[in-house]
Structure formats: structure tokens, C-alpha cells
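**Student:** According to my numbering, the residues represented by the sequence shown are 475 to 987, in order. For every residue, glycine included, the Cβ atom is placed at its ideal position computed from N, Cα and C.
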Amino acid sequence: MKSLKEIRDETFEKLGLSENNSGVFYGKWIDYRQENSIEVKSPIDGTYLGRVSVGTPDEYKKAVRMMEREFIEWSETPAPKRSLAIKDISDGIREKKELLGKIVSLEVGKVTTEGQGEIQEMIDVGYFATGLGRQIYGLTMASERPYHRLYEQYVPLGVIGVISAFNFPSAVWSWNAFIAATVGDTVLWKPSSKAALTSVAVMRVIQDIMEKNSIPPIFALVNGRGGEIGELMAEDRSLPLISFTGSVKTGKHLAEKVASRLGKTILELGGNNCAIVSEKADMKIALKGVAFGALATAGQRCTSTRRVVVNEKIYDEFREKLKEIYEKAKTGNPLEDGVIVGPMIDEGAVKDYEKAISKAIEQGGKVITGNKVLERNRGYYVAPTIIEAREGMEITKEETFAPILYMFKYSTMEEAMRIHNNVPQGLSSAIFTTDLREEEYFLSARGSDCGIANVNTSTAGAEIGGAFGGEKDTGGGRESGSDAWKAYMRRQTVTKNYGKDIPLAQGVQFNVE
Ligand code: UN1
Numbered sequence: 475m476k477s478l479k480e481i482r483d484e485t486f487e488k489l490g491l492s493e494n495n496s497g498v499f500y501g502k503w504i505d506y507r508q509e510n511s512i513e514v515k516s517p518i519d520g521t522y523l524g525r526v527s528v529g530t531p532d533e534y535k536k537a538v539r540m541m542e543r544e545f546i547e548w549s550e551t552p553a554p555k556r557s558l559a560i561k562d563i564s565d566g567i568r569e570k571k572e573l574l575g576k577i578v579s580l581e582v583g584k585v586t587t588e589g590q591g592e593i594q595e596m597i598d599v600g601y602f603a604t605g606l607g608r609q610i611y612g613l614t615m616a617s618e619r620p621y622h623r624l625y626e627q628y629v630p631l632g633v634i635g636v637i638s639a640f641n642f643p644s645a646v647w648s649w650n651a652f653i654a655a656t657v658g659d660t661v662l663w664k665p666s667s668k669a670a671l672t673s674v675a676v677m678r679v680i681q682d683i684m685e686k687n688s689i690p691p692i693f694a695l696v697n698g699r700g701g702e703i704g705e706l707m708a709e710d711r712s713l714p715l716i717s718f719t720g721s722v723k724t725g726k727h728l729a730e731k732v733a734s735r736l737g738k739t740i741l742e743l744g745g746n747n748c749a750i751v752s753e754k755a756d757m758k759i760a761l762k763g764v765a766f767g768a769l770a771t772a773g774q775r776c777t778s779t780r781r782v783v784v785n786e787k788i789y790d791e792f793r794e795k796l797k798e799i800y801e802k803a804k805t806g807n808p809l810e811d812g813v814i815v816g817p818m819i820d821e822g823a824v825k826d827y828e829k830a831i832s833k834a835i836e837q838g839g840k841v842i843t844g845n846k847v848l849e850r851n852r853g854y855y856v857a858p859t860i861i862e863a864r865e866g867m868e869i870t871k872e873e874t875f876a877p878i879l880y881m882f883k884y885s886t887m888e889e890a891m892r893i894h895n896n897v898p899q900g901l902s903s904a905i906f907t908t909d910l911r912e913e914e915y916f917l918s919a920r921g922s923d924c925g926i927a928n929v930n931t932s933t934a935g936a937e938i939g940g941a942f943g944g945e946k947d948t949g950g951g952r953e954s955g956s957d958a959w960k961a962y963m964r965r966q967t968v969t970k971n972y973g974k975d976i977p978l979a980q981g982v983q984f985n986v987e
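1. Which runs of the alpha helix (DSSP H) spanning at least 4 residues fall entirely within the stretch 758-819, listed in chain order?
2. Based on the DSSP secondary-structure assignment, which residues constitute the bridge partners of A934?
3. Can you name the start and end residues of the beta strand (DSSP E) that T967 belongs to?
4. With respect to the alpha helix (DSSP H) encompassing L910, which residues constitute its N-terminal and C-terminal limits?
5. In angstroms, rounded to a whole number, what distance separates the CA positions of T859 and K570?
6. Can you find the residues in the same chain that come closer than 7 Å, C-beta to C-beta, to A669, ignoring five residues on each side of it along the sequence?
7. Going by the C-beta, is C748 closer than 8 Å to any heavy atom of the ligand UN1?
8. Going by C-alpha distance, which of M963, G745, A755 is nearest Y789?
9. Can you confirm whether the stretch 713-733 touches the stretch 944-959 when touching is taken to mean that 3 or more C-beta pairs between the two stretches lie within less than 8 Å?
10. In three-state terms, what does DSSP make of I905?
11. For V679, which of I597, S511, K871, K802 has the nearest alpha-carbon?
12. Which of the three DSSP states, helix, strand or coil, is assigned to M881?
13. Does the beta carbon of E705 come closer than 9 Å to any beta carbon on chain D?
14. Helix, strand or coil, according to DSSP, for N450 in the structure here?
15. In terms of residue numbering, what span does the alpha helix (DSSP H) encompassing V732 cover?
16. Between A645 and the rest of its own chain, which residues show a CB-CB distance below 7 Å, the 5 nearest in sequence each way excluded?
17. Measuring only from the beta carbon, is C924 closer than 8 Å to any heavy atom that is part of the ligand UN1?
18. Which value, in whole angstroms, describes the spacing of the CA atoms of L574 and V514?
19. According to DSSP, is L606 part of a helix, a strand, or is it coil?
20. Please determine whether the Cβ atom of G935 lies at a distance below 8 Å from any heavy atom of the ligand UN1.
21. Among all the DSSP beta bridges, which residues are the ones paired with Q508?
22. Determine the closest residue to V498 out of V929, V856, I703, with distance taken between C-alpha atoms.
23. Measure from the alpha carbon of L606 to the alpha carbon of each residue in A770, R735, K555, I634, then state which is nearest.
24. I'd like to confirm something about V582: is its beta-carbon nearer than 8 Å to some heavy atom of the ligand UN1, or not?
25. With H, G and I counted as helix, E and B as strand and the rest as coil, what does DSSP make of L848?
26. For the ligand UN1, any of its heavy atoms closer than 8 Å to the Cβ of E742?
27. I want to check one thing, is the minimum distance from the CB of A639 to the heavy atoms of the ligand UN1 below 8 Å?
28. For the candidate residues S922, S752, N687, E487, whose alpha-carbon lies nearest to that of E791?
29. Could you give the DSSP three-state label for V679: helix, strand or coil?
30. Short check: CB of A834 to CB of V841, under 9 Å?
31. Please determine, among N697, M881, E836, E810, the residue with the shortest C-alpha to C-alpha distance to K797.
32. Between V585 and the rest of its own chain, which residues show a CB-CB distance below 6 Å, the 5 nearest in sequence each way excluded?
33. Three or more beta-carbon pairs under 8 Å between the stretch 644-663 and the stretch 486-493, yes or no?
34. Which of helix, strand or coil does DSSP assign to N446?
35. By how many angstroms is the C-alpha of A979 removed from the C-alpha of D505?
36. Taking 8 Å as the cut-off, is the beta-carbon of S902 closer than that to any non-hydrogen atom of the ligand UN1?
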């Protein structure tokens with residue numbers, strides 16, 4: 475196998491990246507500056523990948539001004555035409571899928587198929603947005619007055635701020651950006667400083683497509699630290715909407731700041747996703763669904779399965795079989811064939827893994843498998859861990875971004891549901907059963923309290939066609955498919971009088987001469 479450096483050099487060359495990359499783009503790339511730049515090292519084995527420069531507050535302001543200027547013409551371009559620009563962009567990304575997926579793998583450590591899947595998710599949402607361009611609609615209501623028309627229309631908001639996380643470094647940006655651009659907004663992107671390189675690679679590809687297809691510069695990129703550029707965005711009245719993906723703590727802080735200026739937010743914060751496995755489950759499906767949910771992206775998805783609640787009648791069998799899968803799952807270099815679990819993003823993530831496991835043990839949990847740091851110097855690898863837990867253990871109510879699965883036993887479905895819902899977060903959930911009644915109970919008002927509720931499939935791995943997001947501490951936002959586009963527009967109720975008089979609503983009389 476080629477060394478990481480060789481893969482880097484090849485991929486960089488084809489994507490026009492270099493060792494020192496500008497991380498700021500608004501119509502043009504701002505010159506690279508060494509000062510405060512972000513050093514990018516691969517979590518795979520620590521290989522130095524390069525540097526990405528960050529934006530100054532002044533450059534941030536210039537980027538916003540430019541997006542405001544672009545908004546004027548872009549918002550007046552017909553939506554079906556705008557969406558064809560997004561189609562061009564998606565076609566262009568499809569041509570570069572393999573290369574971009576490699577960058578994702580190099581920078582955040584995704585196994586090859588997941589790195590490719592990340593880019594596929596961009597392409598998918600791009601084609602979704604292409605169709606959406608002809609489906610932006612409002613309702614027409616019956617007016618109580620003669621010769622009146624009453625309807626609502628959706629109007630683009632302006633410049634949308636997108637702050638994305640490291641774990642889906644390009645797909646989640648595109649969920650927001652492609653939909654927002656289709657409905658007529660322009661977009662300013664601040665990526666996670668743990669995924670700066672991916673943002674540059676994506677923007678380079680898009681810039682090239684935009685130039686070739688005469689698409690105006692509707693996307694801007696400003697790399698920087700959350701504490702600086704993120705704060706500026708939160709306070710900036712020029713951004714009517716900020717879509718944020720990240721921790722509950724940062725999300726709350728940002729939401730308060732944006733709310734204090736009565737701005738809007740879309741929040742996609744923590745998940746603590748649970749799968750219920752009934753005694754009536756198809757064992758093969760349940761095992762694969764739970765294993766994928768818990769192990770994919772090394773447990774670093776918002777949608778990762780962190781808890782599994784198993785019926786007592788099959789509990790021992792399920793535990794032993796899952797343990798076997800865990801112990802067979804190959805952990806290591808994500809670019810190697812057959813590897814299922816790649817690295818953690820950084821040393822901090824390894825520490826969080828260790829802390830969570832020791833707390834779980836302190837609180838009465840029993841380790842079934844795992845609990846081992848495999849490497850923390852040349853890359854960051856941990857053994858996927860299963861812990862038998864009891865209801866009420868505090869650590870099981872927290873989201874730890876690591877491959878740790880807490881396992882619970884239940885005897886009645888009511889008990890399973892209680893354990894399932896008894897956490898602050900509410901993103902994704904799943905039930906594995908072949909019993910229609912159990913399934914419908916899970917999907918009822920007394921059932922899963924999450925934004926996503928799946929039957930016989932994993933908590934992770936949502937398609938882009940549905941609205942993505944969750945309740946409670948997850949923040950309530952919805953992104954990507956369905957009618958999530960409405961969040962990027964403002965609703966305007968229009969009353970039009972085309973009569974020869976001006977009758978008032980509710981029969982009110984107003985007699986002036
Ligand atoms: C995230 O982890 O923030 O449903 C997004 C999934 C992916 C997206 C996850 N399609 O697992």
C-alpha cells in the first residue's frame with residue numbers, strides 16, 4: 475500500500491491543493507498567511523498534511539459584504555435556473571468524488587467507503603435541490619372578502635451562516651448550502667478547524683465549476699476558530715440565519731447570542747441514540763444494524779448508536795453475538811481494505827473515551843469487550859467497547875463521541891421505551907422487531923421522542939430525502955430533505971385587493987369621507 479504522504483501528494487496535485495493553502499475564499503482566494511494558520515495532521519498516523527490559513531475579522535466582514543451583494547442578483551434569478559447551477563455543481567463534484575472522499579479520509583480518518591459516502595451525500599442533496607428548484611410553493615387561502623386574494627409566498631432570507639463539524643466535514647455543509655442557494659440565499663461557511671482541509675478542497679472544486687459554468691460566487695468560505703469567526707457570526711445582524719452542527723454546549727451559547735438579536739438558528743446538536751431490540755427481532759438484521767450504528771465513523775456520528783436496549787429473552791445471545799462482531803471488526807488504517815473502524819479524530823477524543831469508560835465502571839457498568847487505547851502517538855485508535863449498564867447510570871445520558879455502546883436489558887416494551895427516552899438528547903432512534911404492534915407503539919406519541927425513528931434499520935445512515943434533525947437537547951433544527959427548505963426562507967402572507975372598494979376584515983366599518 476502507498477504511504478499516506480504519497481496518497482496526499484497525488485490527491486493534492488489533482489485537486490490543486492498545496493502544502494500551504496488559503497482557507498478564505500470570497501470570489502477569490504485570499505493570500506495564504508502563516509500566522510495563526512491551522513496545521514492539518516492525519517489522525518490515521520500523524521502524517522503532516524499541510525496548513526490552512528484563517529480569516530481575519532476584516533476578511534470575514536468583506537466576505538459577508540460580498541455575499542450580501544451577490545444575494546441581490548441571485549435572489550432575483552428564477553429558482554429553476556438557480557437549481558440548474560446546483561446541478562452543475564453536483565455533476566462536477568461527482569466527477570471528483572473519489573479524490574474528495576480521499577481528502578475526507580485523510581483529514582478525519584473515515585474508512586474509504588464512508589469517505590466516498592460523504593461525497594455521495596453532497597451529490598444526492600445537490601440533485602434533490604435541483605428538483606426543489608421547481609417545487610418551492612406557498613398556499614393560497616380563501617379570502618373572506620370579495621375580490622381579494624390571500625396567499626403566502628416564501629422569500630429568500632439573505633446570507634446564511636453555516637458552521638459545520640469535523641465528522642461530516644462537507645456533507646452537512648452541502649445539506650444547508652445547496653438548499654439555501656436553490657431557494658435564493660447566499661452562504662458563508664465556517665468549517666470546523668479540525669476539518670479545514672476538506673473545506674478548501676470542496677471549495678476549490680466548486681470554484682472551478684462555478685467559473686466554467688458562469689455561476690456567480692454565491693458561496694464564501696472563512697476558516698477560523700469558533701471563538702473568533704463563530705462569535706462574529708453569532709453577533710452579526712447581516713446573517714439572518716445560522717445553521718450550526720456541533721456540541722450542545724456550543725450550540726446553546728450560539729443560540730442565546732443569535733436569539734438576543736432575534737436571529738434564527740438551525741441547530742443540530744448532540745445525539746444519544748438508542749436501539750431497542752425485541753425478542754421478535756430478526757437477529758441478523760438487528761446485529762448488523764446495531765453494529766453499523768455503533769461502529770461506523772468510530773462512533774463519531776451525531777447519529778451513532780450509543781445505547782442498545784435488549785429484551786431479556788434474547789439478551790445473552792445478542793450480547794455474545796455482538797461481542798463476536800466487535801472482536802472481529804478490523805480497527806486500523808481506514809484506507810486499508812477490510813478495515814471497519816478507523817481512528818478517532820484526536821487525542822482529546824481518546825481522552826473522552828477513557829474518561830467515559832472509567833466513569834461507567836465507577837457507576838456500576840461492566841465492560842464486555844474493548845476498553846483499550848490501541849494507539850495514541852502515531853494516530854488515535856481505540857478498541858470499540860460494549861458496556862453492560864443499568865438504568866439511571868449518569869454517564870449513559872451523556873454523548874461521548876467514541877465507539878462506546880451501553881447495553882441495557884428490558885422485560886416490557888414500556889420499560890424499554892422509558893430507558894430509551896430518559897436522556898436529554900433526541901436525535902435518532904431505532905427499533906428492531908417484526909411485531910407490528912411494537913413497531914407502532916415505538917412510533918406513537920408514547921414512543922420514541924426523537925426527530926428520527928427507524929424500524930429495522932440503524933440509527934445512523936439517514937438518506938438525504940427526509941428532514942434531518944432532532945428534539946430536546948439536539949436543538950429542534952431540520953436540514954436536508956422534505957420541506958426543510960422552508961427554514962432558509964421567510965414566509966410572507968399576502969392579501970391583494972383587486973376590487974373597486976376596500977372592505978375590511980371581520981366586517982369592521984371605517985367611514986371616512
Ligand atoms: C452527523 O453525524 O452530524 O445519518 C450527520 C447519518 C449521516 C449524517 C450524519 N447521513 O449518519
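**Tutor:** Per the coordinate set shown:
1. 789-802
2. Note: A934 sits in no beta bridge, so no partner.
3. Its beta strand (DSSP E) spans residues 963-971.
4. 910-916
5. Taking the straight line joining both Cα atoms gives about 36 Å.
6. Here the set comprises E581, V582, F640, P643.
7. no
8. A755
9. yes
10. strand
11. I597
12. strand
13. Any reference to chain D falls outside this structure, which holds one protein chain only.
14. Because the chain spans 475 through 987 in this model, residue 450 falls outside it and cannot be assessed.
15. It spans 722-734 - the alpha helix (DSSP H) in which V732 sits, taken as one unbroken run.
16. E592, E595, M596
17. no
18. In this structure, the straight-line span from the alpha carbon of L574 to that of V514 is close to 16 Å.
19. helix
20. Answer for G935: yes, Cβ within range of the ligand UN1.
21. Looking at the DSSP assignment, Q508 forms no beta bridge with any residue, so it has no partner.
22. I703
23. Nearest neighbour of L606 by Cα position, chosen from A770, R735, K555, I634, turns out to be K555.
24. Taking the Cβ of V582 as the reference point, every heavy atom of the ligand UN1 lies at 8 Å or farther away.
25. strand
26. yes
27. yes
28. For E791, the closest of S922, S752, N687, E487 by C-alpha to C-alpha distance is S752.
29. helix
30. yes
31. M881
32. P808, V813, G816
33. no
34. Residue 446 is absent from the structure shown; the chain starts at 475 and stops at 987.
35. 59 Å
36. yes
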